[in-house]
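Participant: Residue numbers (the working numbering): 6 to 297.
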Amino acid sequence: MGTNIYAEVYHEDATIREKALQTVMDDMESVNQLMSPYIASSELSTLNREAHKKPIVVSKELFDLLVLSVELSELSKGAFDITFASVGYLYNYREAQRPSQARINELLEAINYKLIVLNPDDTSVYFAHPDVKIDLGGIAKGYAVDKAVASLKALGIEHALVTAGGDTRLLGDKRGKPWIVGIRDPRNADKQAVVIPLEDTAMSTSGDYERYFEQDGQRYHHILSPKTGTSSYEVQSVSIIGPESVYNDALSTAVFVMGLEQGLGLINSLPAFDAIVMDNNRRMHYSKGLMQ
Ligand code: ADP
Ligand code: MG
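#1: With a Cβ-Cβ cutoff of 9 angstroms, do residue 198 and residue 187 count as a contact?
#2: Does at least one heavy atom of ligand 3 sit under 8 angstroms from the Cβ of residue 146?
#3: What span of residues does the beta strand (DSSP E) with residue 204 cover, start to end?
#4: In angstroms, rounded to a whole number, what distance separates the CA positions of residue 230 and residue 268?
#5: Compute every distance between the C-beta of residue 212 and the non-hydrogen atoms of ligand 1, then say whether any falls below 8 angstroms.
#6: Rounded C-beta distance between residue 244 and residue 280? I'm assuming under 8 angstroms.
#7: Compute the Euclidean distance between the alpha carbons of residue 43 and residue 146, then round it to the nearest angstrom.
#8: Can you name, in chain order, every residue of its own chain whose Cβ lies under 6 angstroms from the Cβ of residue 247, other than the five neighbours on each side?
#9: Using the DSSP secondary-structure output, state which residues sit across from residue 197 in a beta bridge.
#10: Grouping DSSP H, G and I as helix and E and B as strand, with all else coil, what is residue 5?
#11: Taking only heavy atoms of ligand 1 into account, decide whether any of them is closer than 8 angstroms to the Cβ of residue 171.
#12: Give the single residue among 251, 215 and 191 whose Cα lies nearest to the Cα of residue 207.
#13: Provide the residue(s) that pair with residue 247 in DSSP beta bridges, ordered along the chain.
#14: Grab the span of the alpha helix (DSSP H) containing residue 63 for me, first residue to last.
#15: Between the C-alpha atoms of residue 62 and residue 130, what's the straight-line distance to the nearest angstrom?
#16: How about residue 15 and residue 204: do their beta carbons lie closer than 9 angstroms?
#17: Whole-angstrom Cβ separation of residue 283 and residue 242, contact assumed at under 8 angstroms?
#18: Output needed for residue 103: all residues of its chain with C-beta closer than 6 angstroms, excluding positions within five of it in sequence on either side, in chain order.
#19: Round the Cβ separation of residue 85 and residue 142 to the nearest angstrom and send it over; I've been treating them as touching at under 8 angstroms.
#20: Residue range of the beta strand (DSSP E) that residue 32 falls in?
#21: Between which two residues does the alpha helix (DSSP H) holding residue 106 run?
#22: Given that a residue counts as buried once 16 or more other Cβ atoms are within 10 Å of its Cβ, and exposed if not, what is residue 289?
See the structure below:
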């Protein structure tokens, strides 16, 4: 998935422990095969090639995640939008490549989740504009973590930690103690900005340091504002704490784009979620639930 996977599981039976770790890797790989934009045969790649010509039937699994993605676009007033990729596919952070402003202007109207036509009757997907592309990089890792945790539960595991990139979910506690989950210092890869004891919950972090290059003193990074098709510069890091990684993952990206005031406003309106935001002056801000 182009990211680090880390898992810890507790169980007295070594065979089950081994099976558990294998299951985690299998779940991650199955999501990758379905949703990777880098695998030509993935359903996601097929959609990006074909769905602007005619409705394409996809698996229920991908369809359901697309439905959720669109719901999260509505909830975040368009800050989270998987059609960011209509412009986003032209960025290559490793090669320090980005689209010209003229090209962005041409493609910008294709960034709009309302152009994704989802038909639940046959789980088909149609893009109502020739330039629409989608990418699930802001939600697929969280989804994969939840899928892996569901598999661990089915194996009878009660204490586990599963991480994919910035998305972590905890099953139970660490056998009598809480798990300790860190938020990286956005400007120092070796330092933690915060560590938090957590159990039976999940946390996702989005930052401007995961994938980026610098050019002319500007940081071009991988979280794009759907309004402009360029990197979002509102804050440096957003962590969301909530029960399921799939929501935390998308909401961390959404709050990153929405910025401090609007973003914390959204999280404060959702009782199941909390947020920790680091602003551009490296000050930490917390949602109401963390300050009680
Ligand atoms: P990561 O864990 O890879 O840092 P994030 O949760 O921070 O992921 O999400 C960043 C990824 O989300 C980007 O690499 C891109 O694939 C996708 N993305 C970027 N901007 C948006 C956006 N406005 N809406 C939805 N997804 C986005
Ligand atoms: Mg995210």
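Glycine residues also receive a C-beta, built at the ideal position from the N, C-alpha and C atoms.
Facilitator: Looking at the coordinates:
#1: Here the question's residue 198 lines up with position 193 in the sequence shown. Here the question's residue 187 lines up with position 182 in the sequence shown. Using a Cβ distance threshold of 9 angstroms, residue 198 and residue 187 count as a contacting pair.
#2: As for ligand 3, it is missing from this structure, which binds only ligand 1 and ligand 2.
#3: Numbered from its first residue, the sequence shown carries residue 204 at position 199. In this chain, residue 204 is not harboured by any beta strand (DSSP E), its DSSP state being neither H nor E.
#4: Working through the sequence shown from its first residue, we reach residue 230 at position 225. Working through the sequence shown from its first residue, we reach residue 268 at position 263. Computed Cα separation, rounded: 13 angstroms.
#5: For the purposes of this step, residue 212 is taken as residue 207 along the sequence shown, with counting starting at 1. Within the cutoff, so yes.
#6: Residue numbering aside, residue 244 sits at position 239 when the sequence shown is read from its first letter. Residue numbering aside, residue 280 sits at position 275 when the sequence shown is read from its first letter. Going by Cβ atoms, the distance from residue 244 to residue 280 rounds to 7 angstroms, so yes, they are a contact pair.
#7: Within the sequence shown, residue 43 is the residue found at index 38, counting from 1. Within the sequence shown, residue 146 is the residue found at index 141, counting from 1. Distance between the alpha carbons of residue 43 and residue 146: 15 angstroms.
#8: Working through the sequence shown from its first residue, we reach residue 247 at position 242. Excluding residues within five positions, the ones whose Cβ falls inside 6 angstroms are 253, 277 and 278.
#9: In the sequence shown, the residue the question calls residue 197 occupies position 192. Looking at the DSSP assignment, residue 197 forms a beta bridge with 189.
#10: Because the chain here runs from 6 to 297, residue 5 falls outside it and cannot be looked at.
#11: Counted from its first residue, the sequence shown places residue 171 at position 166. Because some heavy atom of ligand 1 lies under 8 angstroms away, the Cβ of residue 171 counts as near it: yes.
#12: By 1-based counting over the sequence shown, the position of residue 207 is 202. The shortest C-alpha separation from residue 207 is found at 251.
#13: As a working note, residue 247 is residue 242 in the sequence shown. For residue 247, which the question treats as bridged, DSSP gives the partners 207.
#14: Your numbering for residue 63 matches position 58 in the sequence shown. For residue 63, no alpha helix (DSSP H) run applies, since DSSP gives it neither H nor E.
#15: On the sequence shown, residue 62 is found 57 positions in, with the first residue counted as 1. On the sequence shown, residue 130 is found 125 positions in, with the first residue counted as 1. Here the C-alpha atom of residue 62 lies approximately 6 angstroms from the C-alpha atom of residue 130.
#16: Reading the sequence shown from its first residue, position 10 is the one you call residue 15. Reading the sequence shown from its first residue, position 199 is the one you call residue 204. With respect to residue 204, residue 15 sits apart: the two C-beta atoms are not nearer than 9 angstroms.
#17: Translated into the one-based positions of the sequence shown, residue 283 becomes position 278. Translated into the one-based positions of the sequence shown, residue 242 becomes position 237. About 4 angstroms separates the two Cβ atoms, so the contact holds.
#18: Residue mapping note: residue 103 aligns to position 98 of the sequence shown, counting from 1. For residue 103, where only same-chain residues beyond five positions count, the Cβ hits under 6 angstroms are 96 and 225.
#19: Residue mapping note: residue 85 aligns to position 80 of the sequence shown, counting from 1. Residue mapping note: residue 142 aligns to position 137 of the sequence shown, counting from 1. Rounded to the nearest angstrom, the Cβ distance from residue 85 to residue 142 is 11 angstroms, too far for a contact under 8 angstroms.
#20: The sequence position of residue 32 within the sequence shown is 27, counting from 1. Premise fails: residue 32 lies in the alpha helix (DSSP H), 19 to 40, not in any beta strand (DSSP E).
#21: On the sequence shown, residue 106 is found 101 positions in, with the first residue counted as 1. 106 to 112 is the span of the alpha helix (DSSP H), which, as asked, contains residue 106.
#22: In the sequence shown, the residue the question calls residue 289 occupies position 284. Classified as exposed, residue 289 has fewer than 16 neighbouring CB atoms from the shown chains inside 10 Å of its CB.
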